[in-house]
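Notes follow the structure.
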Amino acid sequence: MTDPTESITDAVTHLHNLLQTKERKLIEREADFARRVKLFESTNPSMGNDNDVIQLNVGGRTNIAVLRSLLTQFEGSMLAAKFSGRWDDSMEKDRDGNIFVDQDPDNFMILIDYLRMRMNNQLKHVLVNHRPNPTYKLCTMLEYYNLMPGVYSQTWVGGEQFVCEEIAYGTVTLSSQEGERATVLHPSGEYRNMSPQVLEFAVEFDKGASGAVGWIRCKDEGKDSKVTCSFNEALANALFLNIEERIIFGPEAALDQNMRINHNESSTKVICKRSGIEGEMELSIEVLED
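Numbering-wise, numbering that gives the first Met the number 0 puts 210 at position 211 of the sequence shown, and it's gapless, one number per residue.
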């Protein structure tokens with residue numbers, strides 16, 4: 000008689016192999032797409048000049064003039080790609096020749112004001128308390144233009160020595176000295192009136208790297224108070240995964256898949272989600288191709 004445990008193990012192994020095969024095909028298709036984009040960009044170079052004055056019609060509001068360099072500050076964003084100059088001939092224009100932007104003019108002007116403030120700063124940095132109020136409408140527009148990482152840049156704090164380095168637009172690496180551990184937090188609650196709450200993030204661990212990642216929920220002490228909590232309070236409201244030991248800490252076991260992944264044999268990606276500020280916390284992990 001067949002051992003049911005062996006059947007389940009074989010099924011899980013087969014599913015795991017199937018997912019890896021599909022993932023490899025997807026990576027190959029993405030690499031081919033990236034190659035085609037690079038080829039297109041090399042044969043269709045940007046024709047725009049940073050000093051070009053661009054006349055805009057935003058949601059029917061005209062007489063808006065900006066420098067091209069203002070809109071292309073965040074390389075890698077959709078806004079920068081749209082106004083790089085490569086697409087000027089194909090962009091929608093009104094009868095006066097102004098480039099038409101189908102956005103709410105008030106929200107778009109908030110973005111313009113922010114970009115001007117950043118452009119005028121020698122360090123190209125805007126203090127947290129001068130960032131725009133993250134309303135739903137504004138953040139929806141920023142997400143459309145892939146500007147959330149630029150306008151609301153990531154802020155990390157830690158009790159021990161750690162290094163934070165931006166390696167690409169919207170992507171940072173966090174590391175500690177060899178042989179040492181560091182606790183690093185993204186304190187979105189501390190500036191909740193000036194920064195949007197994080198509902199999803201992804202962390203990639205290099206092959207053989209150790210650490211834990213997830214959510215820690217602390218009590219809100221009031222509008223003008225910082226959000227703080229003790230270690231025991233944090234643990235009681237936390238959900239996080241120890242990538243090295245494959246142990247889940249939290250009120251409930253929320254991850255029961257892909258536990259066979261060996262962090263010493265492959266890089267690992269952990270995706271953390273939650274539905275709303277006080278909503279359900281989730282974790283999922285996947286293998287990355289090295």
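Cβ coordinates follow ideal geometry from the N, Cα and C atoms, glycine included.
Since the structure is predicted, the reported quantities are computational estimates derived from the model, not experimental observations.
For the pair residue 74 and residue 9, the Cα-to-Cα distance works out to about 47 Å. In the structure shown, the three-state DSSP call for residue 149 is helix. Unbroken beta strand (DSSP E) runs of no fewer than 3 residues, entirely contained in the region 85-140, are found at 98-100, following chain order.
As DSSP reads the structure, residue 268 sits in a beta bridge with 203 and 285. A direct Cα-to-Cα measurement between residue 80 and residue 91 gives close to 15 Å.
Secondary structure at residue 171: strand, using DSSP grouped into helix, strand and coil.
Under DSSP, the beta-bridge partners assigned to residue 53 are 65.
Sorting 201, 214 and 215 by C-alpha distance to the C-alpha of residue 267 places 201 at the top. Annotated as distal: residue 102 and residue 147, with beta-carbon spacing of 8 Å or more. Cβ contact annotation for residue 162 (same chain, cutoff 8 Å, sequence separation greater than five): 172, 173, 174 and 175, in chain order. The three-state reading of DSSP puts residue 79 in helix, counting H, G and I together. Across the set 66, 17 and 170, the C-alpha of 66 shows the shortest separation from the C-alpha of residue 114. Apart from the 5 residues on each side of it in sequence, residue 167 sits with its Cβ closer than 8 Å to the Cβ of 75 in its chain, given in chain order. Under the three-state reduction of DSSP, residue 197 is assigned to coil, being neither helix nor strand.
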